[in-house]
Amino acid sequence: MINFDEEIAKFQPSLEVEQAEDVIQNNDLADITDLIKSMIKELKDK
531 MINFDEEIAK FQPSLEVEQA EDVIQNNDLA DITDLIKSMI KELKDK
């Protein structure tokens, strides 16, 4: 049987995951709310 406490103690996240987190958190991408606001603004301006 797997001893989860031992496995968690041995766990070390891969560098790739940590690097991906940094890129995702520091990236200023437009989310769906930003896109909808932009579309509404364009429609109002017409």
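For the sequence shown, my numbering puts the final residue at 576, and the numbers step up evenly by one.
Note that CB positions come from ideal geometry on N, CA and C, so glycine has one too.
Keep in mind the model is a prediction, meaning the values are calculated, not measured.
Please state the DSSP three-state secondary structure of residue 539.
DSSP places residue 539 in helix when its eight states are reduced to three.
Hey, could you find the ends of the alpha helix (DSSP H) residue 569 is sitting in?
Unbroken alpha helix (DSSP H) run through residue 569: 562–575.
Is DSSP giving residue 558 helix, strand or coil here?
Coil.
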